[in-house]
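Novice: Before anything else, here's the structure in question.
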Ligand SMILES: [Zn+2]
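Right under this line is the structure:
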């Protein structure tokens, strides 16, 4: 991932800070500097917007053969989550039996270790999702 | 006088039974369990560490206390398992609760009492009017060598306390008792701690907690029976019960804050999680004595009075969070611990 990119993205990775279009009100995550609908009219009107962290699983897959950087961590679930604000996020689902994950499952964001640059490199933190108990 | 404005806790969801660990090493699980008075311990998930546990506890504290995190002027994270040797956990917490950039932050290390040392610093900064709010966190993902006696208890969890001028409980006074006692240590670069076996009892844990508790009770003019609750550091379930008895406390005064039998020793989290559990049920006017212990060695003692504001405080129900658990076997435990490399 690289430290500079991680550092730039800390507000969205840690705190789900996206952008809200000041013209049409649509919420974007990851943050965008221009609203694709309102185009030029939205310039300078995109405000920081913090997602509440709650959403619904729209689709998911179980990774059993992971890429090298996630070796030793499989199996794990990656899901497409529709946030309550309407935008979509991709993230891992944790603290859950893989058999219990289903489309329509309510989840909330939590703070976890995402990746590390080997034993000597930086540790990257960010959001994952866990089952939302009401 | 400084007060506890809010608190939050976090304990990972996974558990391993002491009997399961004993099975691997050919010990009698039931007798190990009853000898320690610990039945199961918490296990961090593969992607959990002291930073993630601290962040979850800190977020719970901010949410419950309903304060503006930007007004937090100091964050101290006490742990003996900081994810980096150099790079503070406290900065990660500060960013994750949006308290940055106008604050001071630092990591503390004093075996299991680093978190309460952070509380004392927050109290000092609040009482000297340097800051509006301070946050002290005690959290650990405790390490133990496979097969070592500590493996039965070394657990994961943490608690965060927000200290300010007005809150849910007044901190009437705090004192410390500190000596150079090599009962437990970990050398730089070593993955697991070493310990002085039987040396960890009388001259270490018991001497420091008893001395700190007695000094504080004498200073504030209280005796054991005057307290509604007492919390002592919990390296196992037996030690806090024995030290309570030595100081004249009854079982009913320490039960509420005694978590070690069901989650193990959360090291820097231990005393603070116990205190948080007591605050979960405390009533206005209740008086609490909390005494931590950190090897090396020292104890921090706190005399606390709960006030009326606790009635309107959104309590976390830590025991309910602890009940939401999933058991793992020893193989899974080793995988979660990252022992397969
Ligand atoms: Zn727009």
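Residue numbers (our numbering), protein chains in the order written: chain A, 32 to 165; chain B, 56 to 396. Quick reminder that beta carbons are idealized off the backbone N, C-alpha and C, glycines included. It should be emphasised that the depicted structure is a prediction, and the values quoted were computed from it without experimental measurement.
Within 7 Å of any Cβ in chain B, is that where the Cβ of residue 126 of chain A sits?
Specialist: Working through the first chain from its first residue, we reach residue 126 of chain A at position 95. At least one chain B Cβ lies under 7 Å of residue 126 of chain A.
Novice: Quick one: grab the DSSP three-state call for residue 52 of chain A.
Specialist: Position 21 of the first chain, counting from 1, holds the residue named residue 52 of chain A. If DSSP states are grouped into helix, strand and coil, residue 52 of chain A belongs with the strands.
Novice: Using three-state DSSP, classify residue 266 of chain B as helix, strand or coil.
Specialist: Against the second chain, residue 266 of chain B aligns to sequence position 211. Helix at residue 266 of chain B.
Novice: Got a sec? Which residues, its chain only, sit under 7 Å from residue 210 of chain B by beta carbon, not counting five neighbours each side?
Specialist: For the purposes of this step, residue 210 of chain B is taken as the residue at position 155 of the second chain. If we look at residue 210 of chain B and ignore the five residues flanking it on each side, its Cβ neighbours are 96, 97, 197, 318, 319, 320, 321.
Novice: Could you give the uninterrupted runs of the beta strand (DSSP E) lying entirely in the segment 129-162 of chain A, keeping only those of 3 residues or more?
Specialist: DSSP runs (the beta strand (DSSP E)) wholly in the segment 129-162 of chain A: 137-147, 154-162.
Novice: May I have the straight-line CA-CA distance separating residue 72 of chain B from residue 35 of chain A, to the nearest angstrom?
Specialist: To locate residue 72 of chain B, count along the second chain from 1; it is residue 17. To locate residue 35 of chain A, count along the first chain from 1; it is residue 4. Each residue's alpha carbon lies about 42 Å from the other.
Novice: Using the rule of at least 16 other Cβ atoms within 10 Å of the residue's Cβ for burial, across every protein chain shown, is residue 395 of chain B buried or exposed?
Specialist: Translated into positions along the second chain, residue 395 of chain B becomes position 340. By the neighbour-count rule (16 or more Cβ atoms within 10 Å), residue 395 of chain B is not buried but exposed.
Novice: In whole angstroms, what separates the C-alpha of residue 52 of chain A from that of residue 59 of chain A?
Specialist: Mapped onto the first chain, residue 52 of chain A falls at position 21. Mapped onto the first chain, residue 59 of chain A falls at position 28. The straight-line gap from Cα to Cα measures roughly 8 Å.
Novice: Quick check: the segment 176-188 of chain B against the segment 99-117 of chain B, are at least 3 beta-carbon pairs closer than 8 Å?
Specialist: Output reads no: the segment 176-188 of chain B does not touch the segment 99-117 of chain B.
Novice: Which residues count as close to ligand 1 when the rule is a CB under 6 Å from any of its heavy atoms, in chain order?
Specialist: Chain-ordered list of matching residues: A:52, A:54, A:55, A:57, A:66, A:68, A:69, A:73.
Novice: At a Cβ cut of 9 Å, what residues of the segment 67-100 of chain B count as close to chain A, listed as they run along the chain?
Specialist: Against chain A - using a Cβ distance shorter than 9 Å - the residues of the segment 67-100 of chain B are 67, 68, 69, 100.
Novice: Nearest to residue 259 of chain B by alpha carbon, out of B:245, B:311, B:271, B:240?
Specialist: Counting from one through the second chain, the residue named residue 259 of chain B turns up at place 204. Selected option, being the one with the closest Cα: B:240.
Novice: Excluding the 5 residues flanking residue 269 of chain B on each side, which residues of the same chain have their C-beta closer than 8 Å to its C-beta?
Specialist: As a position in the second chain, residue 269 of chain B is number 214, starting the count at 1. 302, listed in sequence order.
Novice: Since I believe residue 120 of chain B is in contact with residue 66 of chain B (beta carbons under 8 Å), could you give me their beta-carbon distance rounded to a whole number of angstroms?
Specialist: Against the second chain, residue 66 of chain B aligns to sequence position 11. Against the second chain, residue 120 of chain B aligns to sequence position 65. With a Cβ gap of about 19 Å, residue 66 of chain B and residue 120 of chain B do not count as contacting.
Novice: Any beta carbon of chain A sitting closer than 7 Å to that of residue 110 of chain B?
Specialist: Taking the first residue of the second chain as 1, we reach residue 110 of chain B at position 55. Yes, its Cβ sits closer than 7 Å to a Cβ of chain A.
Novice: Pair every Cβ in the segment 291-309 of chain B with every Cβ in the segment 224-233 of chain B, then say whether three or more of these pairs are closer than 8 Å.
Specialist: At 8 Å Cβ cutoff, the stretches do not touch.
Novice: Using CA coordinates, which residue listed in B:87, B:358, B:288, B:223 is at the minimum distance from residue 326 of chain B?
Specialist: Along the second chain, read from residue 1 onward, the residue named residue 326 of chain B stands at position 271. The residue with the shortest Cα to Cα distance from residue 326 of chain B is B:288.
Novice: Can you tell me the Cβ-Cβ gap for residue 292 of chain B and residue 313 of chain B, rounded? I've got them flagged as a contact below 8 Å.
Specialist: Along the second chain, read from residue 1 onward, the residue named residue 292 of chain B stands at position 237. Along the second chain, read from residue 1 onward, the residue named residue 313 of chain B stands at position 258. Indeed, because the Cβ distance is near 7 Å, the residues count as touching under 8 Å.
Novice: Of all the residues that make up the segment 92-118 of chain A, which are near chain B by a beta-carbon distance shorter than 8 Å?
Specialist: Taking 8 Å as the Cβ-Cβ cut-off against chain B, the residues of the segment 92-118 of chain A that qualify are 103, 104.
Novice: What's the gap between the Cα of residue 106 of chain A and the Cα of residue 383 of chain B?
Specialist: Counted from its first residue, the first chain places residue 106 of chain A at position 75. Counted from its first residue, the second chain places residue 383 of chain B at position 328. So the two alpha carbons sit approximately 15 Å from each other.
Novice: Using only the alpha-carbon positions, how far apart do residue 372 of chain B and residue 333 of chain B sit?
Specialist: Numbered from 1 along the second chain, position 317 holds the residue referred to as residue 372 of chain B. Numbered from 1 along the second chain, position 278 holds the residue referred to as residue 333 of chain B. Looking at the two C-alpha atoms, the distance is approximately 10 Å.
Novice: Could you give the first and the last residue of the continuous beta strand (DSSP E) run that contains residue 120 of chain A?
Specialist: Position 89 of the first chain, counted from the first residue, corresponds to residue 120 of chain A. Counting along the chain, the beta strand (DSSP E) containing residue 120 of chain A begins and ends at 119-125.
Novice: Determine the closest residue to residue 125 of chain B out of B:132, B:131, B:117, with distance taken between C-alpha atoms.
Specialist: Position 70 of the second chain, counted from the first residue, corresponds to residue 125 of chain B. Among B:132, B:131, B:117, the Cα nearest to that of residue 125 of chain B belongs to B:117.
Novice: Any C-beta of chain A within less than 9 Å: which residues of the segment 132-157 of chain B qualify?
Specialist: Listed in sequence order: 138, 139, 142, 147, 150, 151, 152, 153.
Novice: May I ask you to report which of helix, strand or coil DSSP gives residue 167 of chain B?
Specialist: Start at 1 with the first residue of the second chain, and residue 167 of chain B comes out as number 112. Strand.
Novice: Looking at C-alpha atoms only, which residue of B:191, B:391, B:331 is the closest neighbour of residue 368 of chain B?
Specialist: As a position in the second chain, residue 368 of chain B is number 313, starting the count at 1. Nearest of B:191, B:391, B:331 to residue 368 of chain B, Cα basis: B:331.
Novice: First and last residue of the alpha helix (DSSP H) that includes residue 18 of chain B?
Specialist: The structure shown does not extend to residue 18 of chain B, since chain B is modelled only from 56 to 396, so the question has no answer here.
Novice: Going by other Cβ atoms of all chains shown within 10 Å of its Cβ, with 16 needed for buried, is residue 92 of chain A buried or exposed?
Specialist: If you number the first chain from 1, residue 92 of chain A lands on position 61. Under this definition residue 92 of chain A is an exposed residue.
Novice: Report the residues of the segment 41-52 of chain A with a CB closer than 7 Å to any CB of chain B, ordered along the chain.
Specialist: Per Cβ criterion, the list reads 41, 45, 46.
Novice: Could you tell me whether the Cβ atoms of residue 79 of chain A and residue 68 of chain B are closer together than 7 Å?
Specialist: In the first chain, residue 79 of chain A corresponds to position 48, counting from 1. In the second chain, residue 68 of chain B corresponds to position 13, counting from 1. Not in contact: residue 79 of chain A and residue 68 of chain B (Cβ atoms no closer than 7 Å).
Novice: Quick one: what's residue 85 of chain A bridged to in DSSP?
Specialist: Counting from one through the first chain, the residue named residue 85 of chain A turns up at place 54. Its beta-bridge partners are A:139.
Novice: For residue 250 of chain B, I'd like the list of residues in its chain whose CB is within less than 6 Å of its CB, leaving aside the five on either flank, ordered along the chain.
Specialist: Residue numbering aside, residue 250 of chain B sits at position 195 when the second chain is read from its first letter. 239.
Novice: Going by Cα to Cα distance, which pick from B:377, B:152, B:161, B:247 is closest to residue 145 of chain B?
Specialist: Locating residue 145 of chain B in the second chain gives position 90, counting from the first residue. It is B:161 whose Cα lies nearest to the Cα of residue 145 of chain B.
Novice: Report yes if the C-beta distance between residue 180 of chain B and residue 257 of chain B is below 7 Å; otherwise report no.
Specialist: As a first step, residue 180 of chain B is located in the second chain; it is residue number 125 there, counting from the start. As a first step, residue 257 of chain B is located in the second chain; it is residue number 202 there, counting from the start. Contact: no.
Novice: Indicate the three-state DSSP secondary structure (helix, strand or coil) for residue 225 of chain B in the structure shown.
Specialist: By 1-based counting over the second chain, the position of residue 225 of chain B is 170. Of the three classes helix, strand and coil, the one that applies to residue 225 of chain B here is strand, per DSSP.
Novice: Could you check if residue 235 of chain B is buried or exposed, using at least 16 other CB atoms within 10 Å of its CB as the buried criterion?
Specialist: Translated into the one-based positions of the second chain, residue 235 of chain B becomes position 180. Classification for residue 235 of chain B: exposed.
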